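Residue numbers (my numbering), protein chains in the order written: chain H, 275 to 621; chain L, 275 to 621; chain P, 275 to 621; chain R, 275 to 621.
Set out below in structure tokens:
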């Protein structure tokens, strides 16, 4: 059993970490913090988590003696406390903000318009790509919600040099915007609407570029779109295939579709949370709702050489809290599915 | 470990039994049947339940050798197979239709417009009222979704002779209408609409009457209403208090509200799945979504002597599959929360 | 042609007045005000109203020279400006707040927890009850959204002394909460939820009492409930019929249902915006969406003497802006349907 | 005044034609047909259209003596009756199916898997491109819903030879799937889901190609996606700009964005229903809901030379019935906005 602290536990990510960790067989949640909700029982904020006995605290970095610390703090805030946590405790740290996701801090500074504090060695916490590094790391930059769905939908193609360009059109549920009300999350602005935002400027773009361009010089474009859904991100990855991939005739396309499906299946065959659907099958948000799975499918090619790959995740689970726990499991040597053995909630 | 069969497993209730039982520590699901989907892997219907290895079968009553059989068949169909199951197997049977819920079969025949087959001893499977009988029974009539939320919201008042009349106005999610498409479940008819239906004629009315009138001669009215929600039933129980209950002055009402809250807390104090909220707090569907909990709250009294009690359940869990598993746990002597230790999914 | 000003035009009611008045054949909208949006074109707030040329202004009461002034200001704010408007202009004034709806100001002060300013003669602007008084008035207190749907669903029964008690359970769309974001209107709190609020304390209660108790001493209870709908209020009026109304046998009930339907049809037969459906038919929000109609139907009686009457309105139209325009049409001698000849928007 | 018939008026498009035509100042709707609903008043299907006096009829092609006939029949059905209507009546005909949209019938036959009947001269009814031809035509192939939003979002770029490729990712409301319930439209399958379908095979693809490739050899890909919205299509047009367009530096991109916005404004400057938003502004479905407008905006370019153009329409109005009426207005010499002067319905 390990003791766990969650710093900044009053948001949706904090609530989701709690929902999952409170049933994790190897974990005891010993501290949850929220400066603005100090001394309140967690159910005053997280009404679905009744009778846990947990109360929000407010602690200094040096006061934590947990084995694992999750920082569910906003970007900018994380880098103010993590250096202290790193130095003053022995905890393994999993940060859910954008602060420790980048190989090159200048990329961070360009997209986040913030000066970064001094560097600490961290690993980008996408187990499907970086499992071995995660095992050895003390600080994980847990991936962004959009990036998880995007990168995993494109990684096998980039690795196999099959794509010139990927245009990601990602539809996200509103929980991605967080627990604080705003014009963006006002019900009458969301219901019966489809709202693209931060087109060409969203901060998850450089994360996707960083991970996919490790393997090839594929061009990346990214458009995030709010849809009237609570949870989930469905990513349509419009891939422009390399010129040397044959797609002119119907037979070539059908052959190609089958081959690509097989490449995905092979690439992810040992992954506990990746499900590759058959060519033609479309992933569904409700199949992964509340679960740590990612479903990837479609694999249709049109006459212009555009391949469509689609992925579905729960933005709060595989896109945040679940993946963070998966990283913890890897770092601690637990069964990677421990505490995450939930099926999706459909309907 | 017990072996479990689910008969009629291709609907939402079947899917929900599977979602929960596949993670139940004391259970092995060995047979799932669906005549119309024979030989199909369950994920062809239940896309969220990938890679279980389970395949729909079609079996005769005599062919089951499981310890527990759930019949998730429609009313009318259950009473055609259960007598055979009862006779030809040793299984404990939990029926999720309306066929074995009534003390008096003539009530069934009046409301269901069907002739019942021969009687078999059964117990109404609402643990909060009938736990001791459930322990000893071999056949459970698992309660209807509306009735669970309604009865539990009114039971302490009826038991304490505090109510003359209860008017239930129950808002249900669309999953209650089942997996088959119809005009009723057509998205453009549900979205941005609120659809009362079967006003004064819904078949859950006599169930509510049966259970609540065991304790007093409270009058019962029931109005079901479809709302654009996937899961969950929020029941507003408009209670007309008995004349001898003082509610004229503000002080009397506040005093009364506190007393009633205490009566509920005391009545349900040992119940593992009932949460009584403080006077004034309103239950939320998202707090119980996907879980077996019922939240009960509000307890406000107005100047006319109307008390409002509100309950929230997940119609597919506490209102169907979860309660069925709770009944199984009781019948088998398992921890009553086994396989049901899930928090609600919010947001 | 009359000139019209809208004071406080930046909210949903203001937007709806504009949507309708900009196509009204007898009206020129000459002034729209919003202190916080002064100098902005209206489309910066009301994105659906492009290219009207209108710009928000900020004016003192004495500066208006319009024939008609709509005050779409919050309660409390209206009573601060209307006395001045009343004195310094010749305009007919239609106030959409609660400030001028009450016969007895002490009722207002009790429910709104505000001291009222000096009285001005005003008429409660529900044309179906007060058309003749509206014609002669210079100041209209335009009814609340819930109250319109509730009163019109119960008025014929109160008038005919048929009801002892009415329990209103009213489901409202989220636009009723206004244009400002809050925890209440945060998408993840509304979607897939059903949220009762202000149970026994909502300020529309005394309005409903005032109008229905003009005709009989019927008892009134009112419960408002937020549902995941953008527009519309569906009111379930649970009526307890007077003891001398026969409802014991099925024949008596069917007879009674027919008679009650006829009473409603007769009472509203000349009303341009009231549609009485046949006994058994259920009103639909989507049938009145965007229109000034109210549909009333159901009229089912159960064995306990509970009659269910259901009404559907668009809260922003018949529940606010449309009714205000209907009042203007009456006050100005226009065709009562002028500018309001729109059908509902379904789907 | 012209007399109008609607053939196949029991679906959503028929209902929408009725909603708009019943308030059209130059039109009398004299016949509405529906074989399966013969003799029923239209409000039995279209509950929002009460008391019109219209009753569904069943007529042979030779029996129509109207000036204008709208055929709201499915593809395949239209081509069976239109030749007769064309020959036996003098009516101008506006067909809302896909049967008369193609220059080259072999394209139709390839995508619709149907043999076409003999050709009749028809014009593709997109006024913004073909207004002059529409004026002179007797038979209009009214554009598909997706195609209207897609073509108008790309037409200026194709005309100005600015684009190599357009990848359309179009999110549609569920009313686009029609009035008949199916698994696709089952509420629990749509709510909280995002469902791509017919990826690379949707029949609107060749329409988009036909119109945009009139001006350049731009490559076209199209992905339709069902979202939990009732009405509306929001199209994200991911444009790959021609190589000779400079987009490398930030300044070049900002300059380019401004230029492209101006090209759109100029191209559509006299169009009564096209609104070009400023660079950076995002179109909203709720701004055009229920109206015949199309809003086009965004115009952001990223570092890879991807330009994002976004359009919003109401699929049943500008995407079907409204555009058909716009075509009628043009054919009859009416004011093009007659009967279509409605603002969008927000919220």
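We put the CB at the ideal spot given by N, CA and C, even for glycine. The model shown is predicted, which means the values in this text are computed figures rather than measured ones.
Sub-9 Å separation of residue 516 of chain P and residue 435 of chain P beta-carbons: Within the third chain, the letter at position 242 stands for residue 516 of chain P. Within the third chain, the letter at position 161 stands for residue 435 of chain P. Yes, Cβ-Cβ distance for residue 516 of chain P and residue 435 of chain P is below 9 Å.
Alpha carbon to alpha carbon, how far is residue 297 of chain L from residue 578 of chain L? Give it in angstroms, no decimals. The residue you call residue 578 of chain L lines up with position 304 of the second chain. The residue you call residue 297 of chain L lines up with position 23 of the second chain. C-alpha separation (whole angstroms): 49 Å.
Pull up the distance between the alpha-carbon of residue 531 of chain R and that of residue 618 of chain L, whole angstroms please. Taking the first residue of the fourth chain as 1, we reach residue 531 of chain R at position 257. Taking the first residue of the second chain as 1, we reach residue 618 of chain L at position 344. Roughly 47 Å between the two C-alpha positions.
Which value, in whole angstroms, describes the spacing of the CA atoms of residue 533 of chain R and residue 442 of chain H? Within the fourth chain, the letter at position 259 stands for residue 533 of chain R. Within the first chain, the letter at position 168 stands for residue 442 of chain H. Near 25 Å, if we compare the C-alpha coordinates of residue 442 of chain H and residue 533 of chain R.
Same chain, Cβ closer than 6 Å to residue 314 of chain H, five either side skipped, listed in chain order: The residue you call residue 314 of chain H lines up with position 40 of the first chain. Short of 6 Å from the beta carbon of residue 314 of chain H, and not among the five residues preceding or following it, lie these beta carbons of its own chain, in chain order: 330.
From the DSSP output, read off the bridge partner residues of residue 330 of chain L. On the second chain, residue 330 of chain L is found 56 positions in, with the first residue counted as 1. Residue 330 of chain L is bridged to L:306.
Taking the straight line between their C-alpha atoms, what separation do you get for residue 520 of chain H and residue 582 of chain H? Within the first chain, numbered from 1, the residue matching residue 520 of chain H stands at position 246. Within the first chain, numbered from 1, the residue matching residue 582 of chain H stands at position 308. Between the alpha carbons of residue 520 of chain H and residue 582 of chain H lies a distance of about 16 Å.
Would you please verify whether the beta carbon of residue 475 of chain P is less than 9 Å from any beta carbon of chain L? As a first step, residue 475 of chain P must be located in the third chain, where it is residue number 201. Yes - at least one Cβ of chain L is within 9 Å of the one on residue 475 of chain P.
Residue 310 of chain H and residue 284 of chain H: beta carbons closer than 9 Å? Here residue 310 of chain H refers to the residue found at position 36 of the first chain. Here residue 284 of chain H refers to the residue found at position 10 of the first chain. It is a contact, given that the beta carbons lie within the stated cut-off.
Could you round the C-beta distance between residue 556 of chain H and residue 509 of chain H to whole angstroms and report it? I think they count as a contact, below 8 Å. For the purposes of this step, residue 556 of chain H is taken as residue 282 along the first chain, with counting starting at 1. For the purposes of this step, residue 509 of chain H is taken as residue 235 along the first chain, with counting starting at 1. Not confirmed; about 12 Å, so no contact.
Beta strand (DSSP E) segment containing residue 574 of chain R, residue limits: Here residue 574 of chain R is taken as the residue at index 300 of the fourth chain, counted from 1. For residue 574 of chain R, the enclosing beta strand (DSSP E) stretches over residues 568-575.
On the CB-based measure, 16 or more other CB atoms within 10 Å of its CB, does residue 640 of chain H come out buried or exposed? In the structure displayed, chain H extends from 275 to 621; residue 640 of chain H sits before or after that span and is not available.
Identify which residue in L:288, L:437, L:336, L:604 has its Cα closest to the Cα of residue 320 of chain L. Along the second chain, one-based indexing puts residue 320 of chain L at 46. The residue among L:288, L:437, L:336, L:604 with its C-alpha nearest the C-alpha of residue 320 of chain L is L:288.
Out of curiosity, what's the CA-to-CA distance linking residue 367 of chain L and residue 539 of chain H? Counting from 1 along the second chain, the entry for residue 367 of chain L is found at position 93. Counting from 1 along the first chain, the entry for residue 539 of chain H is found at position 265. Note on geometry: alpha-carbon atoms of residue 367 of chain L and residue 539 of chain H lie some 41 Å from one another.
Where does residue 382 of chain P sit, in a helix, a strand or coil, going by DSSP? Translated into the one-based positions of the third chain, residue 382 of chain P becomes position 108. Three-state result, residue 382 of chain P: helix.
Between the stretch 330-344 of chain R and the stretch 372-384 of chain R, do three or more beta carbon pairs fall short of 8 Å? The stretch 330-344 of chain R vs the stretch 372-384 of chain R: no contact.
For residue 588 of chain H, count the other beta carbons within 10 Å of its own beta carbon; 16 or more makes it buried, fewer makes it exposed. Which is it? By one-based count along the first chain, residue 588 of chain H stands at place 314. Buried, since its Cβ has 16 or more Cβ neighbours within 10 Å.
Using a Cβ-Cβ distance cut-off of 9 Å, determine whether residue 313 of chain H contacts chain L. Numbered from its first residue, the first chain carries residue 313 of chain H at position 39. So, not an interface residue.
Can we say the stretch 447-458 of chain L touches the stretch 448-463 of chain R, given the rule of at least three CB pairs closer than 8 Å? Contact holds between the stretch 447-458 of chain L and the stretch 448-463 of chain R, because three or more Cβ pairs, one in each stretch, are under 8 Å apart.
For residue 387 of chain L, count neighbouring Cβ atoms within 10 angstroms of its own Cβ and tell me buried if that reaches 16, exposed if not. Working through the second chain from its first residue, we reach residue 387 of chain L at position 113. Exposed, since its Cβ has fewer than 16 Cβ neighbours within 10 Å.
Does any C-beta atom of chain R lie closer than 9 Å to the C-beta of residue 544 of chain L? Taking the second chain and counting its residues from 1, one reaches residue 544 of chain L at position 270. No, because no Cβ of chain R sits closer than 9 Å to the Cβ of residue 544 of chain L.
May I ask you to list, following chain order, the residues of the stretch 517-541 of chain R that have a beta carbon less than 9 Å from some beta carbon of chain H? Residues passing the 9 Å Cβ filter: 527.
Measure the C-alpha to C-alpha separation of residue 373 of chain R and residue 613 of chain P and round it to an integer number of angstroms. Numbered from 1 along the fourth chain, position 99 holds the residue referred to as residue 373 of chain R. Numbered from 1 along the third chain, position 339 holds the residue referred to as residue 613 of chain P. Distance from the CA of residue 373 of chain R to the CA of residue 613 of chain P, rounded to the nearest whole angstrom, comes to 38 Å.
I want to know whether the stretch 464-475 of chain R touches the stretch 494-507 of chain R - three or more CB-CB distances under 8 Å. With a cut-off of 8 Å on Cβ pairs, the stretch 464-475 of chain R is in contact with the stretch 494-507 of chain R, counting three or more such pairs.
Could you check the C-alpha separation between residue 302 of chain L and residue 608 of chain L for me, to the nearest Å? Residue mapping note: residue 302 of chain L aligns to position 28 of the second chain, counting from 1. Residue mapping note: residue 608 of chain L aligns to position 334 of the second chain, counting from 1. Between residue 302 of chain L and residue 608 of chain L, the C-alpha separation is close to 14 Å.
From the DSSP output, in three-state form, read off residue 523 of chain P for me. The residue labelled residue 523 of chain P in the question sits at position 249 within the third chain. It is coil, neither helix nor strand.
Tell me whether the beta-carbon of residue 595 of chain R lies closer than 9 Å to the beta-carbon of residue 370 of chain R. Here residue 595 of chain R refers to the residue found at position 321 when the fourth chain is read from its first residue. Here residue 370 of chain R refers to the residue found at position 96 when the fourth chain is read from its first residue. A distance below 9 Å separates the beta carbons of residue 595 of chain R and residue 370 of chain R.
Please name the residue, chosen from L:354, L:615, L:591, L:551, that lies closest to residue 506 of chain L on a Cα-to-Cα basis. Position 232 of the second chain holds residue 506 of chain L. Looking at the Cα atoms, L:591 is the closest of the given residues.
DSSP on residue 297 of chain R, reduced to helix/strand/coil? The residue given as residue 297 of chain R occupies position 23 in the fourth chain. When DSSP states are grouped into helix, strand and coil, residue 297 of chain R belongs to the coil group.
Is residue 382 of chain H close to chain L? Criterion is C-beta to C-beta, closer than 9 Å. The residue labelled residue 382 of chain H in the question sits at position 108 within the first chain. It does not: the Cβ of residue 382 of chain H has no partner Cβ on chain L nearer than 9 Å.
Contact list for residue 579 of chain H against chain L, beta-carbon separation under 8 Å: Residue 579 of chain H sits at position 305 when you count from the first residue of the first chain. Under the 8 Å cutoff, chain L gives no residues; its nearest Cβ is about 30 Å from residue 579 of chain H.
Is residue 528 of chain H helix, strand or coil when you go by DSSP? The residue given as residue 528 of chain H occupies position 254 in the first chain. DSSP places residue 528 of chain H in the helix class (H, G or I) of the three-state scheme.
With DSSP as the reference, label residue 358 of chain R as helix, strand or coil. On the fourth chain, position 84 is the one that residue 358 of chain R refers to. Of the three classes helix, strand and coil, the one that applies to residue 358 of chain R here is helix, per DSSP.
Examine the Cβ distances between the stretch 476-492 of chain R and the stretch 561-573 of chain H and report whether three or more of them are shorter than 8 Å. With the cut-off at 8 Å, the stretch 476-492 of chain R and the stretch 561-573 of chain H do not touch.
Between P:408, P:393, P:422, which has its C-alpha nearest residue 483 of chain P's C-alpha? Looking up residue 483 of chain P in the third chain gives position 209. Ranking P:408, P:393, P:422 by Cα distance to residue 483 of chain P puts P:422 first.
Beta carbons nearer than 8 Å to chain P: which residues of the stretch 561-576 of chain L have them? Listed by position along the chain: 563, 572, 574, 575, 576.
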